[in-house]
Amino acid sequence: MDLWYVQSYLKDYTMGLKVKETLFVGKSPLQEIAVIDTCLYGKILLLDGVVQLSERDEFMYHEMLVHPAMVTHPHPERVCIVGGGDGGAAREVLRHPVSEVVLVDIDAEVIEVCRKYFPQVGSWDDPRLQVVVDDAVKYIARCKTQFDVIIMDSTDPFPRGVAESLFSKEFFRDAYDHLTEEGVLVSQMEPPFFDRERVEMLWRNLDVFPLLRLYWGMVPTYPGGVWSYILASKKNDPLTSMKPLPFPTRYYSQAIHQAAFTLPVFLEEMFRK
Ligand code: AG3
Numbered sequence: 005m006d007l008w009y010v011q012s013y014l015k016d017y018t019m020g021l022k023v024k025e026t027l028f029v030g031k032s033p034l035q036e037i038a039v040i041d042t043c044l045y046g047k048i049l050l051l052d053g054v055v056q057l058s059e060r061d062e063f064m065y066h067e068m069l070v071h072p073a074m075v076t077h078p079h080p081e082r083v084c085i086v087g088g089g090d091g092g093a094a095r096e097v098l099r100h101p102v103s104e105v106v107l108v109d110i111d112a113e114v115i116e117v118c119r120k121y122f123p124q125v126g127s128w129d130d131p132r133l134q135v136v137v138d139d140a141v142k143y144i145a146r147c148k149t150q151f152d153v154i155i156m157d158s159t160d161p162f163p164r165g166v167a168e169s170l171f172s173k174e175f176f177r178d179a180y181d182h183l184t185e186e187g188v189l190v191s192q193m194e195p196p197f198f199d200r201e202r203v204e205m206l207w208r209n210l211d212v213f214p215l216l217r218l219y220w221g222m223v224p225t226y227p228g229g230v231w232s233y234i235l236a237s238k239k240n241d242p243l244t245s246m247k248p249l250p251f252p253t254r255y256y257s258q259a260i261h262q263a264a265f266t267l268p269v270f271l272e273e274m275f276r277k
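Quick note, the sequence shown lines up with residues 5 to 277 if you use this note's numbering.
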């Protein structure tokens, strides 16, 4: 008998993946955590039933989440990752010559499960990495120092859940205050092709930043296969200030960087600042 994992998104869309084996199902105080092995994408992490990463396409998401922001800041040294308990975003950040990376994830059990089932995803032993288990809203509010880059690798803002407060105007203002002069914030977004209104709302919540750019990249295991990100910058424009990467990548390139910020006409009209 074939077993299928069906991910629902909004109310009118599903994606199905054939499952080889269910490896883990558990509940933390905050969410349901599961790891399944699929025929097409290898092992997949699900939080509350939603795909967070697959072994086969996580590099596409993590490279596109991290590198555009890291090359927009002229010399990022201190980086904060909000969420990202699987370690993939931290791995990509640590390939840059940074001095300190603080990963703030609210759920210790997600980190534990990922370290067990996806040991190749994170660079957990790098001495520049500090892992903090806390609510990032509280952590940033208390934090006395400033970061050059803040990377938001959280679960979705909708439906309302663990990550909702991370997408509020108040949090983005606080994040702005905790960024250095040329600071850059980047966040994963909803797919704008499905859900333009909600992306517009999140865009407005980021108003405090003088420069906002929506960009996109392929992530086959996410709804629609195309995911979007918003880069918010205090000073530098990712299209003109970018510098080349000093190491090889599998998805990101300078040409992809330019292409990713080029939006279809119907989105370009809305997401311009
Ligand atoms: N962070 C965001 C995943 C969003 C996926 N959304 C969805 N499938 N509807 C994932 C954590 C990876 N480091």
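Even glycine gets a Cβ: it sits at the ideal position worked out from N, Cα and C.
Just so it is clear, the structure is predicted and the values come from calculations on it, not from any experiment.
- For Trp207, the enclosing alpha helix (DSSP H) stretches over residues Arg200 to Asn209.
- With respect to the 8 Å criterion, Pro72 and Tyr255 are not classified as neighbours on the basis of their beta carbons.
- When secondary structure is reduced to three states using DSSP, Arg217 falls in the strand class.
- Between Ile155 and Leu69 a beta carbon distance of about 6 Å is seen, short of the 8 Å cut, so the two are scored as contacting.
- Our two residues, Pro268 and Phe275, have alpha carbons roughly 10 Å apart in a direct line.
- Measuring C-alpha to C-alpha distances from Gly229 to each of Glu96, Val108 and Val55 identifies Val55 as the nearest.
- Every unbroken stretch of the beta strand (DSSP E) spanning 3 or more residues and falling wholly within the segment 33 to 102 is given here in chain order: 36 to 42, 46 to 51, 54 to 58 and 82 to 87.
- By the neighbour-count definition (other C-beta atoms within 10 Å, threshold 16), His100 is a buried residue.
- Measuring C-alpha to C-alpha distances from Pro248 to each of Asp241, Gln258 and Pro242 identifies Gln258 as the nearest.
- The beta carbon of Leu271 sits closer than 6 Å to the beta carbons of Pro196 from its chain, once the five residues preceding and following it are set aside; these are given in chain order.
- Annotation: Asp41 to Glu185 spans about 44 Å, alpha carbon to alpha carbon.
- Judged by DSSP in its simplified three-state form, Asp181 adopts helix.
- Ranked by Cα distance from Cys118, the options Glu59, Val23 and Val10 are led by Glu59.
- Around the Cβ of Cys84, a 10 Å sphere holds 16 or more other Cβ atoms; the residue is buried.
- In this structure, Ile37 and Gly30 form a Cβ contact; the two beta carbons are roughly 5 Å apart against a cut-off of 8 Å.
- When Cβ pairs closer than 8 Å are counted between the two stretches, the segment 88 to 97 is seen not to touch the segment 164 to 180, the count staying below three.
- The continuous beta strand (DSSP E) containing Val29 extends over residues Tyr17 to Lys31.
- Linking Leu170 to Arg202 through their CA atoms gives a straight-line distance of about 14 Å.
- Judged by beta-carbon spacing, Ala236 lies within the 8 Å limit of Leu216, meaning their Cβ atoms are closer than that value.
- Sixteen is the threshold: when 16 or more other Cβ atoms of the shown chains lie within 10 Å of the Cβ of Pro242, as they do, the residue is buried.
- The beta carbon of Asp111 sits closer than 7 Å to the beta carbons of Ser32, Leu34, Gln35 and Gly89 from its chain, once the five residues preceding and following it are set aside; these are given in chain order.
- Under the DSSP assignment, Glu104 falls in the beta strand (DSSP E) whose first and last residues are Glu104 to Asp109.
- In terms of side-chain proximity, the C-beta atom of Ala93 is found nearer than 7 Å to a non-hydrogen atom of ligand 1.
- DSSP places Leu235 in the strand class (E or B) of the three-state scheme.
- Within a 10 Å sphere around the beta-carbon of Tyr17 sit fewer than 16 other beta-carbons, which makes this residue exposed.
- In this model, Asp6 and Lys22 are separated by some 7 Å (Cα to Cα).
- DSSP places Val114 outside any beta strand (DSSP E); the residue lies instead in the alpha helix (DSSP H), whose first and last residues are Ala112 to Tyr121.
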